[in-house]
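Only one structure is covered here, and it is reproduced in the block below.
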Amino acid sequence: MPGTLRQGFHDLNIIDPVARFHLGNGARLERINVGGNLSARGLRESHGVMVNYRYDLDDIETNHEAFATRNTVVASASVRKLMRPAGN
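Take the sequence shown: its position 8, counting from 1, is numbered 8 in UniProt numbering, and each next residue is one higher.
Listed below in structure tokens is the structure:
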């Protein structure tokens, strides 16, 4: 079951435009791939990290509203496990 996360996303205006596109269109943050892009450009732009987004037709509208109205990113359980609680 996906959930939401906010910690680590203090100023959503600086999120990558690709992330903003997918999250704004109702995708959820599905997976973080460390070492997913080890090219010179990938290392420079994202330290080699890539992510996957998932569009679940039953959740697109809810995910979009969470992002658009509350700056909340909907993420899979595996991504949420990687996040530390706020303040830690």
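Glycine is no exception: its CB is placed at the ideal position from the N, C-alpha and C atoms.
N-terminal and C-terminal residue of the beta strand (DSSP E) that residue i is part of
i	result
Ala-75	73-75
Leu-29	28-33
For residue j and residue i, the rounded distance between their alpha carbons
i	j	result
Arg-54	Met-83	19 Å
Ser-39	Gly-48	7 Å
His-64	Gly-42	27 Å
Pro-17	Leu-57	22 Å
Residue i classed as buried or exposed, judged by whether at least 16 other C-beta atoms fall within 10 angstroms
i	result
Arg-44	exposed
Ala-68	exposed
Sheet register partners of residue i (DSSP bridge)
i	result
Asn-63	Per DSSP, none; premise fails for Asn-63.
Tyr-53	Leu-29
Where the alpha helix (DSSP H) through residue i begins and ends
i	result
Leu-38	Careful: Leu-38 lies outside any alpha helix (DSSP H) and carries neither H nor E.
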